[in-house]
């Protein structure tokens, strides 16, 4: 497989962009470039791993070249002394042995990277910090056996480093060690020359010496370019990567890349390098050709067959015994599914049971055909494990459309009555592995992972990783760092880097009104101009990998031969492959996603049980509770799953849901696709009878009735295709997915027209329905997703309706939604559920519901809210409650001074002064006045000895001590200081007098105003949203909280944004002028016309008051004077103060 | 045993070079190496293997984003007709144009 000499050069040492902060070119680009340069082989050898491996193999397949895989790894000897970095390449044509050895070598490098070994290595290397991943030479030698691997010793190996020091004797000795340690054919020397200046790294001199060393040792030498980027232009980006890796400005990097020659050079340029290297030393006549030939031969040896060597595309499920199956998995699956149907459907009557069995038979046919029985048993086993742990579980995604999943209790949404389709999930026509997502309580996710690892064995399970790519802020920060810009300046710019792609930075500067000031700066500064370009270069490049929030890989015992693993942050092994690599690698991934709402609901149920002894089974709650729907229709949906955003509130108000299916529709409509396709408006018009539902043809009515003739769901599109052409639902799903590809449309249309005519549809009907389908494109939403979301939506709404205190305690504890906690506190206040202040006697580690004396319920603030307190302190408070005295508290809790004072300040110690707030300053002063030596207590925590008990300050108040810290501060101020959360009164309360004066409409009264009313609104910003909008023009939603009720939602359209500028994102306390906009029967929002900073307004009003007061005083004295003199009456000033203030503001604004 | 021969890039006794800085036409071989250059209307033929050196720049101190972070220099021995050979430095710009930078004598 060799091509003409000179045309082909095989690069054996190439870092892709997945070598984060090192390589800068994506594998796809590298493979395409290599193929275009006439190469027939390309290896990717990422640093410390196989991060880009799967993408590389697929890219090579697409480009028609042979892939090689390797990794650049650090190696150490048996005494943990570093041996530099080498390239480990897998041999092909070994039925996977080479690739498996490579995976194991990478995992071993990361495995030895923890604990004592790492420390030993770090100290051997003379570093105080822990070293990175490294593999022992002995382990590498084991893995290289059976001719599985080649180890390239290049300039960064201990041999190469010795050459670099011109210590040829040491280099030869070290090479001998390698030769003794590794199998005979495993060691190859790597010649790298970047044509750098003489005397620097990468010059011809060390390269030619390395070649001579190989000749003397009788070892093959290969030429590589230690590639870091595809083209010379990308060398700039590699400089940026270096700056980010060293965390230093470019100007301060001691060892920057020598020059910009580490690119994927074509064959001609590599031969040129080879000639210069050979020419620079004394080599025999055949040296040049031998070097190039050895390179080519090694490439041939390392070319991997994607299927035979890597096992691409071959799924492997856990072995039957692991999932508790002794016999045939298919038989077992049938048995479990049938018994599930009997349990779940018998209450719904025999017809339902029959229908379910029929559907099961249909689904099982596909499962058997595709050989996925073990997969379903595996997922169901995991679901059983989770349920067995007493954790809430809810399947999501297209898998919800399956009776099989429902019968196995993997999913809890009944698919037939909900109109969900199996084929949307799985069919013989679908080429991808099935994907079932499971939502669990977020707080228990790690427990679940550990249990799954335990149950399946850690050689079959791994967490999935995800690649985090550069986005705007990170890109601008690292580009700024590289240029050495001051942190403060970068911060200011980074704060503005959102809502657009960094690669479009320059265009955004031209177009976005809020970036106007920055655009001007950029025009005036050469450095900022450069920053814009560099930021765009970094955008989208992989930045680091981390554990995926939900992906768990399940496989058989061969897993670690097919994926390298490294420790994740939580300690469990994590695959170096991400979600895009799963399907090609035949890795079965299960999404076990922690959903905070599930934790919040579990918390609510627990609290209810704790207080009343009653158990609520949320999955048994009837789905037609009138009060629950009433609450939803009122748009007071704050805290309710999926429908609490301002946009959702508005849509809920317009839609007025009455039954469960309405929630499914609502959630499905509020998606980018349907929004862009204007589906909400069409649906609402039909729903409210403004237009008659248009079913086009009676045969479509059963399909479209549930959405009043508007096509919203993927399932509807599939049914329409099937009805029109009789193609079957599996094929229909293929058509549906192709609707999004314009080039496919003519083919689909031709097929559809021909078949529909034959099936009795008129041309007119076909024309009409084709317009609908073609317009649908890739828009719309799978009803299975919508229905799976609608269940927790309903359940959370039900809890909010019937158990508000417990529900809000759950929200405050697990913080599941989009709103900050103080808004949830405000909502609690409105619902008549007081949030009780922090108290060391009763505050727990989470929010607890307390029964109050008047029979109502309150929520007690949780200890973790205390800013600056440590986990151990809080745990001790919770463990030792209640406390008899301040001394008792100090003895058993041993708080640090800072925590102690904060507790006193915020009132959490008021219990020790009889809840007499007026004495709190004494308590605080006492604690502050105490002096003691720091003592070490349990858990290595410093505490200070206090003299207690608290002196009683009675009688002569003049002699009492005080703390000035509390003077002039309200409880709200103190809470905001130490808790970041005001529970006593709302932080806007102090502005209420100002609001009254200005004529601000309270948010709670907004609903009473007709549409089109001009209003002033004020408050603190709680959320900013820029939802997807039809037409593409950005709309900014700001949710304002003034403390009177739910948030008021203000919409700023494009023209208003231009008027307001950057303030639309930057001002937090604001006054807004706008007009009310009715959205449906109950909803109201405000179209913003202008906004001002509330503090500016307050200051101006204050200044005006001062002026007026002075004027009035002057007038008064003048009047008195005048009266005295001539008995004239003075002129009384009176004006509409609010109008005056606004007039003033308008003038200021236009100025 | 690894002694390199006195190569083009090896440091030599510093003979003071003549600064030329004149644009020249360079003829490349099929391999991409300079084979000859024309300076003062005379063709200078390259002898032996010329050596390229790429020297990095501090590009972030200049205006605009560069397409290259290094400059390309070729050191070679050449002779005019049968005359004694000299050592020269040729510089290739980003646009592909050549400048005869130094004559080392």
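Residue numbers (our numbering), protein chains in the order written: chain Z, 190 to 1340; chain L, 437 to 541.
Note that the Cβ used here is the ideal one computed from N, Cα and C, for glycine as well.
In this chain, the alpha helix (DSSP H) harbouring residue 870 of chain Z covers 868 to 876. Bounds of any alpha helix (DSSP H) do not take in residue 1042 of chain Z, whose DSSP letter is neither H nor E. In chain Z, no part has a C-beta under 8 angstroms from the C-beta of residue 471 of chain L; the shortest such distance is about 13 angstroms. Take residue 986 of chain Z, set aside five residues on each side of it, and the residues of its chain with a beta-carbon closer than 7 angstroms to its own are 817, 820, 821, 829, in chain order. Taking the C-beta atoms as reference points, residue 777 of chain Z is found nearer than 8 angstroms to residue 743 of chain Z. Contact between the stretch 332 to 342 of chain Z and the stretch 266 to 279 of chain Z is established, with three or more Cβ pairs separated by less than 8 angstroms. Taking residue 507 of chain Z as reference, the option from Z:846, Z:745, Z:351 with the minimal CA-CA separation is Z:745.
Taken in chain order, the members of the stretch 499 to 518 of chain L whose beta-carbon sits within less than 8 angstroms of a beta-carbon on chain Z are 499, 500, 501, 502, 503, 504, 505, 506. Secondary structure of residue 533 of chain Z (DSSP, three-state): helix. The beta-carbon separation of residue 1012 of chain Z and residue 1172 of chain Z, rounded to 12 angstroms, does not stay under the 8 angstroms limit for a contact. Contact note: residue 492 of chain L reaches chain Z through 445, 446, 447, 448, 449, using a C-beta cutoff of 8 angstroms and chain order.
Counting only runs of 4 or more residues that sit fully inside the stretch 444 to 503 of chain Z, the alpha helix (DSSP H) segments are 456 to 469, 476 to 491, in chain order. Membership of residue 1238 of chain Z in the beta strand (DSSP E) is indicated by the continuous run 1237 to 1241. Listed in chain order, the positions of the stretch 704 to 722 of chain Z with a beta carbon within less than 8 angstroms of a beta carbon of chain L are 715, 718, 719, 722. Its Cα nearest to that of residue 437 of chain Z, the residue Z:672 stands out among Z:593, Z:672, Z:684. Contact annotation for residue 461 of chain Z against chain L: 467, 468, 469 [CB-CB distance below 7 angstroms, chain order].
Look at residue 1049 of chain Z here: in three-state DSSP terms it is strand. Contact check for residue 644 of chain Z against residue 575 of chain Z fails: the beta carbons are separated by 8 angstroms or more. Per DSSP, the beta bridge partners of residue 1279 of chain Z are Z:1262.
Under DSSP, residue 655 of chain Z forms a beta bridge with Z:735.
For residue 630 of chain Z, the secondary structure class from DSSP, reduced to helix, strand or coil, is strand. In this structure residue 811 of chain Z is exposed. Its beta-carbon is surrounded by fewer than 16 other beta-carbon atoms within 10 angstroms. Residue 1185 of chain Z counts as exposed, since fewer than 16 other beta carbons sit within 10 angstroms of its beta carbon. Note that the C-beta distance between residue 238 of chain Z and residue 491 of chain Z is not below 8 angstroms. Using a Cβ-Cβ cut-off of 9 angstroms, residue 421 of chain Z is close to 503, 504, 505, 506 of chain L, given in chain order. The beta carbon of residue 962 of chain Z lies closer than 7 angstroms to those of 906, 909, 928 in the same chain, with the five residues before and after it left out. For a Cβ distance threshold of 7 angstroms, nothing in chain Z lies close to residue 521 of chain L: the least Cβ distance comes to about 16 angstroms. If you look at residue 510 of chain L, you'll find it isn't in any alpha helix (DSSP H); it sits in the beta strand (DSSP E) that goes 506 to 516. For the pair residue 788 of chain Z and residue 782 of chain Z, the Cα-to-Cα distance works out to about 12 angstroms. Within the same chain, and ignoring the five residues on either side of residue 570 of chain Z in sequence, the residues whose Cβ sits closer than 8 angstroms to its Cβ are 512, 513, 644. The continuous beta strand (DSSP E) containing residue 491 of chain L extends over residues 478 to 492.
Judged by DSSP in its simplified three-state form, residue 778 of chain Z adopts strand.
Per the Cβ contact rule, the stretch 1232 to 1251 of chain Z is in contact with the stretch 692 to 707 of chain Z (3 or more Cβ pairs under 8 angstroms). Beta-bridge partners of residue 585 of chain Z (DSSP): Z:626.
Per DSSP, the continuous alpha helix (DSSP H) segment holding residue 818 of chain Z begins and ends at 815 to 822. C-alpha of residue 502 of chain Z to C-alpha of residue 294 of chain Z: approximately 23 angstroms in a straight line.
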